[in-house]
Structure formats: structure tokens, C-alpha cells
Amino acid sequence: MRKYERKKNNILQKSHGCMLRRAAFFVVLVIFCLCAAGCSGDTAKSGGAPQIEGLTYADTVQTQYADQFTIYRYEEGHYVIEVKDDTSYLVVPEDAEVPQEVPEGITVIKQSPENVYLGATSAMALFGAIDAMDEITMTELKESGWSIPEVRNAMQQGDIVYAGKYSQPDYEFMLSKKCDLAVESTMIYHTPEVKEMLEDLGIPVFVDRSSLESSPLGRTEWALVYGVITNRLDEAKAFMEKQQKKIEGLDGLKNTEKKVAFFYITTSGKVMVRTSTDYIPAMIEMAGGRYVPAELTADEGHSQVGMTLESFYEEASDADILIYNTNIDDTVKTRSDLLDKSDVFESFKAVKEGECYTSGSSFYQQTDKMSDMIMDLHKVIKGEPEDLQFLTKME
1474 MRKYERKKNN
1484 ILQKSHGCML
1494 RRAAFFVVLV
1504 IFCLCAAGCS
1514 GDTAKSGGAP
1524 QIEGLTYADT
1534 VQTQYADQFT
1544 IYRYEEGHYV
1554 IEVKDDTSYL
1564 VVPEDAEVPQ
1574 EVPEGITVIK
1584 QSPENVYLGA
1594 TSAMALFGAI
1604 DAMDEITMTE
1614 LKESGWSIPE
1624 VRNAMQQGDI
1634 VYAGKYSQPD
1644 YEFMLSKKCD
1654 LAVESTMIYH
1664 TPEVKEMLED
1674 LGIPVFVDRS
1684 SLESSPLGRT
1694 EWALVYGVIT
1704 NRLDEAKAFM
1714 EKQQKKIEGL
1724 DGLKNTEKKV
1734 AFFYITTSGK
1744 VMVRTSTDYI
1754 PAMIEMAGGR
1764 YVPAELTADE
1774 GHSQVGMTLE
1784 SFYEEASDAD
1794 ILIYNTNIDD
1804 TVKTRSDLLD
1814 KSDVFESFKA
1824 VKEGECYTSG
1834 SSFYQQTDKM
1844 SDMIMDLHKV
1854 IKGEPEDLQF
1864 LTKME
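Heads up: take any position in the sequence shown, counting from 1, add 1473, and you land on my numbering.
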């Protein structure tokens, strides 16, 4: 009997302990759910924007094409530019103070900088499109490297000066010019010590990742980013509206199914082509063509892939149109020059039919005219290559 009582007491004690543990778990669960609900509400209320003490989230700047950045606006006039898989930037109005507690990982940029060093050459046209080119006083390209007439003129007049390559800038000169912002391309990550040095000198570095946009107008939409930085967001929005209107006629366009190849050949004989998700294949598709080679991928952050000439022949020998990238290799200007690269091109359909073109640096530098480039491609694909701005037919 006593043995039974002891066993019963043990069972009751275990049951009681289990009930206590369950009750405790239930209380913790309720508290967690309440906290989660509160946090979820805060997140929804902030629209995903970073919470910064002293600032109140207002809204998010709408984009239609770009997917590499998000812009959050705060009621106090500040903005946060959140760059995908990279840094976030707090843009502080000229007459405002920097918040005392800026979250770690956010770079502070003062709005309307006066002396910008531009290492991301594709951004120059966007500054010009929103009438902010005068804020750029230093660049990584010499005058001969620019295809934009306004930049050439500014360099001739001394308004913009060469301050060293992005990988080897003239730090002393930049300090003497009171450089207050360096805009770099993703190439800066190949020389991280340069980025670190600039930041140690008190020069904030903004890294432009527009080259990773899959949509051509996504690249152009980075005008919104520079509109925020230069306090010209309204001008940037108006500019984007004009760009969109230019290609409205291509909406719903039935694809011609003509194959278009865009490439260049390295000194080692490798053929460099764009990945299928790059903005140039997207431009070709928007213009009514089919990009070849199709279904090409590359490592994260890369927009080009190399292939042998034999593999390129298998993929593109029946292409209706060949476009040679003379921004990288300017040795090809005629079909004869192309054949000098390899006599294999003699059997390419486009070479036989004379449908070969070259593209210059404008395809990279004039990001404010992506819609015009798409229209050029459309003319070529349609078989009406007249009044071309960015493509030149090989003779």
C-alpha cells in the first residue's frame, strides 16, 4: 500500500511539474506573440525603413524598373538609400544636423555636395540629366575618355579635372579640392584599400551598382538616387517620365524573332558576351529581337562571360545581326577588321548579309539615353537603320 502511495505521489509530482512547465511556456509564448505583433506593426509602419532615433519614416520613393536600390524618405527631410546586397546611406539635408545615433553600417552623406569625385563614369550622364553636373569637379577619366560633349567642354574649361584612376586616385589633390563625396562603381571592390583610405580621410564613398540592373531603364532610374543626393528628386522624377514616354510605343510589340549577338574578342581570342539577365539583352528584347547566346549565367556580380570562338560559332553563326562592342575593343570598325580577328566569321549569316554594327562608349556612358538606344536597336532589328545615334554599320 505504501509502495502504491509513493508511486502515486511521484506521478502527481511529475504531473504538477509538467503543468507548471506548460503554464510557464504558455506565458512566455503569449509575451513573445505580443512582442512579435508589436515589432511587426513597427516594421509595417516604417515600411521596412531603418529606424533612426529622431527621424520619422514618411514614405518610400516609388520605382518602376530598378531593383538594386530602395529609397526611404523621412518627415524631417532625410533619406536613406538602401543599396541591395551592399551599404545603406543616410542623406542629410544641408541645414540639418546628423542624428546622434546613426545605426552601424549606414554611411552618412551630406545632401548637395559641392566637390564630387566621379569614379563611376556611367553616372555622369544621370547627373547631367537632372542639371547637377556642376557638383562633379573631379573624375577618374581624362578628357579623351569621355564621349559626352558636355563633359569634354567642362574639362577643357577646368570645371572638371582629372584626379587619378579610381584604383589610384590623387588623395592630396582631392583633399585640396575639398572633395566631399566619391561616387565609385563596383570596380572599387577590386581595390578595397582605396575605399578604406578615402573613408579614413573623411571622404564618404557611395558605390553605384546600376550595372547590376537587369532592366535598361533600371540603370536610368538611378537618376532618382542622384536626385536625392543632389536635392533634385523632382527633376529626376520628371526625367524618368520622359524616358518612359519615349518607349511607350514598344509596349506590346510583337517580337520579330531576329537573333542579335552583342560581343567583343579579347587579345587572347576569347569571345566576351553578356549574361542573359544583363540589361543589354533586355534592351534587345524590348526592341523586338532575341539575344544570343541565350541562357548564359555568370557568378554573382558579373554581367559578362567568356566563351571559345567555336562555342560562339555554334550559338551565333545564324544570328541575323552582330553588334561588336567597340567600347572595350575599338580595333574593329569594318567587316574586314572583324575577319582579321578570325576567318571563322566569313560563314556567319550576319557577315554575309552585311548586318554588322559597332557600339561605342555611349552604350555605357550615356545612361540618360537608354530609351534612345533601345530605339536604335529597334530600327536595326526592323531593317530601317537610319539616323542611328549609338550604333554604326560596318562597311
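All C-beta atoms in this analysis are idealised placements derived from N, C-alpha and C, irrespective of residue type, glycine included.
All values derive from a computational prediction rather than experimental measurement.
Residues bridged to N1798 [DSSP beta-bridge criterion]: S1832
Exposure of G1601, with buried meaning 16 or more beta-carbon neighbours within 10 Å: By the neighbour-count criterion, in which a residue is buried when 16 or more other Cβ atoms sit within 10 angstroms of its Cβ, G1601 is buried.
Whole beta strand (DSSP E) elements within the segment 1725-1793, 3-residue minimum: List check, beta strand (DSSP E) in window: 1731-1738, 1744-1747, 1762-1765, 1777-1780.
Sequence-distant residues of the same chain with beta carbon closer than 8 angstroms to E1526, five excluded per side: Within the same chain, E1526 has close Cβ partners P1572, Q1573, E1574.
CB contact flag (Q1541, V1564, <8 angstroms): Cβ atoms of Q1541 and V1564: not closer than 8 angstroms.
Local Cβ density within 10 Å of G1521, reported as buried at 16 or more and exposed below that: exposed
Local conformation of Y1644 per DSSP, three classes: helix
Status (buried if at least 16 other CB within 10 Å, exposed otherwise) for Q1862: exposed
Test item: CB-CB of Y1752 and M1745 under 8 angstroms: No. Outside cutoff.
The segment 1646-1655 touching the segment 1625-1632, judged by at least three CB pairs closer than 8 angstroms: no
8 angstroms Cβ cutoff met for G1700 and N1728: no
Own chain, CB closer than 7 angstroms to T1804, minus 5 neighbours either side, in chain order: D1810
Neighbour-count burial assignment, K1731, 16 or more Cβ in a 10 Å radius: By the neighbour-count definition (other C-beta atoms within 10 Å, threshold 16), K1731 is a buried residue.
Counted within 10 angstroms of its Cβ, other Cβ atoms place V1581 as buried (16 or more) or exposed: Exposed: under 16 other Cβ atoms inside 10 Å.
Contact under 8 angstroms by Cβ, A1696 with F1712: In this structure, A1696 lies near F1712, with their beta-carbon atoms less than 8 angstroms apart.
Whole-angstrom C-beta distance between R1546 and A1531, which should lie under 8 angstroms: 5 angstroms
Identity of the residues DSSP links to M1611 by a beta bridge: Y1590, V1634
CB-CB length for L1654 against V1589, believed under 8 angstroms: The Cβ separation is near 5 angstroms, so the contact holds.
According to DSSP, residues forming a beta bridge with I1544: V1534, I1554
S1620 versus T1529 - alpha carbon distance: 43 angstroms
Pairwise C-alpha distance: M1606 and T1740: 36 angstroms
Among E1828, K1557, F1818, the one whose alpha carbon lies nearest that of T1865: E1828
Short Cβ contact (8 angstroms threshold) for G1790 with S1815: At residue 1790 the sequence reads Ser, which differs from the Gly that was named. Not a contact, by the Cβ cut-off of 8 angstroms.
Residues near E1548 by beta carbon distance below 7 angstroms, same chain, minus five either side: T1529, A1531
Reference D1841; option with closest CA among E1555, M1611, Q1716: Q1716
Delimiting residues of the beta strand (DSSP E) encompassing E1657: 1654-1658
Three-way DSSP call (helix, strand, coil) for T1560 in this model: Annotated three-state conformation of T1560 is coil, per DSSP.
Nonlocal neighbours in the same chain, by C-beta distance under 7 angstroms from L1851, ignoring five residues either side: According to the sequence provided, residue 1851 is His. The question's Leu does not apply to it. Counting only Cβ-Cβ distances below 7 angstroms, and skipping sequence neighbours, we find L1723, A1760, G1761.
Option nearest D1558 by Cα separation, candidates T1703, V1680, L1769: Closest by alpha carbon: V1680.
Run of the alpha helix (DSSP H) containing L1811, from where it starts to where it stops: Note, L1811: alpha helix (DSSP H), 1808-1814.
Outcome for E1441 when other beta-carbon atoms lying within 10 angstroms are tallied against a minimum of 16: In the structure as shown, the chain starts at 1474 and stops at 1868, and residue 1441 therefore has no counterpart that could be examined.
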